[in-house]
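Visitor: I'd like to ask you about the structure that follows.
Written as structure tokens, this is what we have:
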């Protein structure tokens, strides 16, 4: 009872006063400490237990796994396997959690084999957990193989695999499996909507949400958050407002994730004022994520000074900035040309808040200094970085070279990035452009051949326009749009009209 109320001290007092303690009472106390994240007390109690059963061992394995102490969780699991108490179906929960945290594919295979040998593979929940572990580690072939071997599959098993495909961007497989599901629950629908939104398929996400409403499936907070992200990705303010209205109609009190998604949606759809109103009226001003989202929105719209003022207001209200906060505010300084303020913020990370800058912060600083043309200071920061410069820093430097047309440095950076990130198209494209400007066509061809050999493709830019409640997407030289003939006909008319107007203007001058 005391543990359920979060009172660990009184629970321990009652336990210590008990004249007779059986295994059940010891396990209850052990479980209570674990639930309160007090692994030190749990371990001390475990060591004092006169008798332990499989529940005692499982509790410790799960406790260490959930706290992130994977090595200790594995050590307890191995000791459990050697002990005479035996395993039950719950003994694998902790080790599967460890597998996911450590991204250890071989460890999952071992756990899978042990589940099979122990005779628990027929347990649908446990089999689904193994499928989930494979999927979360990106091993979708193994996840699908086990799923296909399952004699009985419940909605959890189906949803687990659908979520896995969606997480890793295979929306075709996710969609095919989703359509085959004999039964769908809100989590299944939300997994698909979230997958579409995360993979830049905003239209598909919103279409599926409309279908979900048609089937009268009640959305949850995560569903609305995913839909708002979809609206933001295609900059559809009208759809965003509809989702907001649906949220109100469903009488859901939005959590901070949904509120942050609303601010982000309104900002990316060009309605910063609406985003400000959401922050002002709906937000918990002690939530750091909310502050970060609003400052990021201001930065995106070029309001760097206002973002800095909001940072000061946040600190004054007692909210302590975190690592992500400094990424947001440094970006705000960079895009608004606030070099001096950016330097001050970067220095305050360590001096005032004890946060050691990581690669992402240095990438922001490189971008800030580079945009301002402070190349000497930039190179000094690059040479004195406490951590090794990775892809983020080099990409920031590449962007700076592109802005200032620094071809000599740009060539070196691009060549280094090609070795560092061989599947990223950006350095190949810049290097090819530099060689073309220098007239070194044989090297241009060499870069293009290298891209072909490595199957690197430049992502085509996409633009959207909303016409009569329908969002249309276009790419450069798009020939796949169903209305392409009408579109290009109007485009030709516009071009002819502009040529005619230009001729008239020249004649008048």
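In this note's numbering, the protein residues as written are 700 to 1208. We put the beta carbon where it would ideally sit given N, CA and C, even for glycine.
Would you check if the distance between the CB atom of residue 1052 and the CB atom of residue 1080 is smaller than 8 angstroms?
Guide: Their beta carbons are not under 8 angstroms apart, which means residue 1052 does not touch residue 1080 by this criterion.
Visitor: Between the alpha carbons of residue 1188 and residue 900, how many angstroms are there, rounded?
Guide: Straight-line Cα distance between these residues: approximately 28 angstroms.
Visitor: Beta-carbon within less than 6 angstroms of residue 835's beta-carbon, same chain only, minus the 5 sequence neighbours each way: which residues are those?
Guide: Closer than 6 angstroms at the Cβ level, and outside the excluded window around residue 835, lie 799.
Visitor: Which same chain residues end up closer than 7 angstroms to residue 842 when comparing Cβ atoms and leaving out the 5 residues on each side of it in sequence?
Guide: The answer, listed in chain order, is 830, 833, 834, 860, 863.
Visitor: Using a threshold of 8 angstroms, state whether the C-beta atoms of residue 758 and residue 719 are closer than that.
Guide: No, these two residues do not count as a Cβ contact at 8 angstroms.
Visitor: Which word fits residue 914, buried or exposed, when buried means at least 16 other C-beta atoms lie within 10 angstroms of its C-beta?
Guide: Classification of residue 914: exposed, given that the 10 Å Cβ count is below 16.
Visitor: Thinking residue 1073 and residue 1033 are a contact (beta carbons under 8 angstroms), I'd like their distance in whole angstroms, please.
Guide: About 12 angstroms; that fails the 8 angstroms criterion.
Visitor: Alpha carbons only, please: which of 806, 730, 825 is nearest the one belonging to residue 787?
Guide: Of the listed residues, the one whose Cα sits closest to residue 787 is 825.
Visitor: With DSSP collapsed to three states, give me the class of residue 810.
Guide: Residue 810: helix per DSSP, three-state reduction.
Visitor: What does the Cβ neighbour count give for residue 1265, buried or exposed, with the cut at 16 atoms within 10 Å?
Guide: Coverage of the chain is limited to positions 700 through 1208, which leaves residue 1265 absent and any answer about it impossible.
Visitor: With residue 778 as the anchor, note down where its alpha helix (DSSP H) starts and where it stops.
Guide: From DSSP, the alpha helix (DSSP H) with residue 778 extends over 769-781.
Visitor: Can you tell me which of 1015, 955, 898 puts its alpha carbon nearest to the alpha carbon of residue 992?
Guide: Among 1015, 955, 898, the Cα nearest to that of residue 992 belongs to 955.
Visitor: Excluding the 5 residues flanking residue 960 on each side, which residues of the same chain have their C-beta closer than 7 angstroms to its C-beta?
Guide: Taken in chain order, the residues that qualify are 924, 927, 928.
Visitor: Here's a check: name, in chain order, each residue in its chain whose Cβ is nearer than 6 angstroms to the Cβ of residue 1135, leaving out the five neighbours to either side.
Guide: Within the same chain, residue 1135 has close Cβ partners 1143.
Visitor: In three-state DSSP terms, what is residue 901?
Guide: The answer is helix: DSSP assigns residue 901 an H, G or I state.
Visitor: Out of 1006, 949, 986, state which residue places its alpha-carbon closest to the alpha-carbon of residue 1018.
Guide: Closest by alpha carbon: 986.
Visitor: Distance check for residue 974 and residue 910, CA to CA, integer angstroms please.
Guide: Computed Cα separation, rounded: 28 angstroms.
Visitor: Can you give me the C-alpha to C-alpha distance between residue 1198 and residue 1191, rounded to a whole angstrom?
Guide: Going from the Cα of residue 1198 to the Cα of residue 1191 covers about 10 angstroms.
Visitor: For residue 851, which residues from the same chain have a beta carbon less than 6 angstroms from its beta carbon, with the 5 sequence-adjacent residues on both sides left out?
Guide: The residues are 823.
Visitor: With a threshold of 8 angstroms on Cβ separation, who are the neighbours of residue 796 within its own chain once the five nearest residues in sequence on each side are excluded?
Guide: Excluding positions up to five away in sequence, the list reads 761, 764, 765, 772.
Visitor: How far does the alpha helix (DSSP H) with residue 841 in it extend, from its first residue to its last?
Guide: That run of the alpha helix (DSSP H) goes 839-848.
Visitor: Taking the CB atoms as reference points, tell me whether residue 735 and residue 714 lie closer together than 8 angstroms.
Guide: No.
Visitor: Check residue 1032 in the structure and name its three-state DSSP category.
Guide: DSSP places residue 1032 in helix when its eight states are reduced to three.
Visitor: Smallest Cα separation from residue 848: which of 722, 865, 827?
Guide: Selected option, being the one with the closest Cα: 827.
Visitor: What residues in its chain sit with their C-beta under 7 angstroms from that of residue 970, if we drop five residues either side in the sequence?
Guide: Within the same chain, residue 970 has close Cβ partners 936.
Visitor: Inspect the beta-carbon positions of residue 1147 and residue 1131 and report whether they are closer than 8 angstroms.
Guide: Yes, Cβ-Cβ distance for residue 1147 and residue 1131 is below 8 angstroms.
Visitor: With distance defined between alpha-carbon atoms, name the residue in 902, 838, 776 nearest to residue 802.
Guide: When each option's Cα is compared against that of residue 802, the closest is 838.
Visitor: Where residue 855 and residue 967 are concerned, what is the direct C-alpha to C-alpha distance, given to the nearest angstrom?
Guide: About 35 angstroms.
Visitor: Do the CB positions of residue 1077 and residue 1069 come within less than 8 angstroms of each other?
Guide: The answer is yes: Cβ separation under 8 angstroms.
Visitor: Considering only their Cβ atoms, is the gap separating residue 958 from residue 997 smaller than 8 angstroms?
Guide: No, these two residues do not count as a Cβ contact at 8 angstroms.
Visitor: Taking residue 1103 as the reference, which of 1155, 1071, 1124, 1087 has the closest Cα?
Guide: Cα-wise, what sits closest to residue 1103 is 1071.
Visitor: At the level of alpha carbons, what is the spacing between residue 1093 and residue 1124?
Guide: C-alpha separation (whole angstroms): 14 angstroms.
Visitor: Among 783, 821, 777, which has the Cα closest to the Cα of residue 809?
Guide: Among 783, 821, 777, the Cα nearest to that of residue 809 is on 777.
Visitor: Which word fits residue 883, buried or exposed, when buried means at least 16 other C-beta atoms lie within 10 angstroms of its C-beta?
Guide: The residue in question, residue 883, is buried, as its Cβ has 16 or more Cβ neighbours within 10 Å.
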